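Colleague: Residue numbers (my numbering): 737 to 915.
All C-beta atoms in this analysis are idealised placements derived from N, C-alpha and C, irrespective of residue type, glycine included.
Predicted, not measured: the structure shown is a model, and the values here were computed from it.
Take this structure, written in structure tokens, and hold onto it; I'll ask about it next.
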């Protein structure tokens, strides 16, 4: 990796940062989970870049537009707090079509790594679904699966850690890193 590369936290949006609202297309439906802004601030203050990576197949399915997605994204960023998130990547592709960006493919992480000088060996992914875990592992980062999404049974998860929620995941990351 290049000199001066930073560690990052790649974080899923729906079911991880905010309540999962099937195909959220209205900013009024954005509800950030308790403790998430504070947990993300702690990670950022410990030197992590914060990057949201989110599958948004509702765009590819024609359920909402990129403009509607951007309005929801703006509300998420507003509720989290100005300047907290370094970048957001989304994939509009629908399941079943060939895609290099749709999780579990690592395309969004690869793109973010190139654009933001990220050291993957010191980075983590936090998500609520097994495809998030697979995406992290496919990109070579450690993955934490949270139980805040609709698929909360983590019995067969291949995640490096299981956490109740994003604030707990942040504590795991801060405990696991001592550089």
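Taking just the CA atoms, how far does residue 822 sit from residue 885?
Modeller: For this step, residue 885 is matched to residue 149 along the chain shown. For this step, residue 822 is matched to residue 86 along the chain shown. Using only the alpha carbons, I get a separation of about 23 Å.
Colleague: May I have the straight-line CA-CA distance separating residue 783 from residue 852, to the nearest angstrom?
Modeller: On the chain shown, position 47 is the one that residue 783 refers to. On the chain shown, position 116 is the one that residue 852 refers to. Going from the Cα of residue 783 to the Cα of residue 852 covers about 13 Å.
Colleague: Okay, do the segment 799-817 and the segment 837-844 touch, 3+ Cβ pairs below 8 Å being the bar?
Modeller: no
Colleague: Taking 6 Å as the limit between beta carbons, can you name the residues of its chain near residue 743, skipping five residues before and five after?
Modeller: In the chain shown, counting from the first residue as 1, residue 743 sits at position 7. 784, 855, 858 and 859, listed in sequence order.
Colleague: For my contact list, residue 795 and residue 773 are in at a C-beta cut-off of 8 Å; report their separation, rounded to the angstrom.
Modeller: Translated into the one-based positions of the chain shown, residue 795 becomes position 59. Translated into the one-based positions of the chain shown, residue 773 becomes position 37. Contact doesn't hold; Cβ gap of about 26 Å is too wide.
Colleague: Comparing alpha-carbon positions, which option in 810, 826 and 763 lies nearest residue 793?
Modeller: Start at 1 with the first residue of the chain shown, and residue 793 comes out as number 57. Answer by Cα proximity: 826.
Colleague: Compute the beta-carbon to beta-carbon distance between residue 748 and residue 757, rounded to the nearest angstrom, for a pair I have assumed lies under 8 Å.
Modeller: What you label residue 748 is simply residue 12 of the chain shown in a count that begins at 1. What you label residue 757 is simply residue 21 of the chain shown in a count that begins at 1. About 14 Å; that fails the 8 Å criterion.
Colleague: Starting from residue 879, trace the beta strand (DSSP E) in both directions and tell me its first and last residue.
Modeller: For the purposes of this step, residue 879 is taken as the residue at position 143 of the chain shown. From DSSP, the beta strand (DSSP E) with residue 879 extends over 878-882.
Colleague: Locate the beta strand (DSSP E) running through residue 823, then write down its first and last residues.
Modeller: Locating residue 823 in the chain shown gives position 87, where the first residue counts as 1. Unbroken beta strand (DSSP E) run through residue 823: 823-827.
Colleague: In this structure, does DSSP put residue 738 in helix, strand or coil?
Modeller: By 1-based counting over the chain shown, the position of residue 738 is 2. With a pLDDT of 45 at residue 738, under the threshold of 50, the predicted position of this residue should be treated as unreliable, and no value is reported.
Colleague: Taking all protein chains shown into account, decide if residue 753 is buried (16 or more other Cβ within 10 angstroms of its Cβ) or exposed.
Modeller: What you label residue 753 is simply residue 17 of the chain shown in a count that begins at 1. With 16 or more other Cβ atoms within 10 Å, it is buried.
Colleague: Can you tell me the Cα-Cα spacing of residue 848 and residue 891, whole angstroms?
Modeller: For the purposes of this step, residue 848 is identified with residue 112 of the chain shown, where counting begins at 1. For the purposes of this step, residue 891 is identified with residue 155 of the chain shown, where counting begins at 1. Cα to Cα, residue 848 sits roughly 30 Å from residue 891.
Colleague: Based on Cα-Cα distance, which residue from 877, 770, 876 and 882 lies nearest to residue 866?
Modeller: For the purposes of this step, residue 866 is identified with residue 130 of the chain shown, where counting begins at 1. Among 877, 770, 876 and 882, the Cα nearest to that of residue 866 is on 882.
Colleague: Looking at the unbroken beta strand (DSSP E) that takes in residue 926, where does it start and where does it end?
Modeller: It is not possible to answer for residue 926, since the shown part of the chain is limited to 737 through 915.
Colleague: Nearest-angstrom Cα distance between residue 909 and residue 903?
Modeller: For the purposes of this step, residue 909 is taken as residue 173 along the chain shown, with counting starting at 1. For the purposes of this step, residue 903 is taken as residue 167 along the chain shown, with counting starting at 1. Their backbone Cα atoms lie some 10 Å apart in a straight line.
Colleague: Check residue 895 in the structure and name its three-state DSSP category.
Modeller: Taking the chain shown and counting its residues from 1, one reaches residue 895 at position 159. Coil, per DSSP.
Colleague: Restricting to Cα atoms, I'd like to know which of 897, 824, 877 and 876 is closest to residue 790.
Modeller: Counting from 1 along the chain shown, the entry for residue 790 is found at position 54. Nearest option by C-alpha distance: 824.
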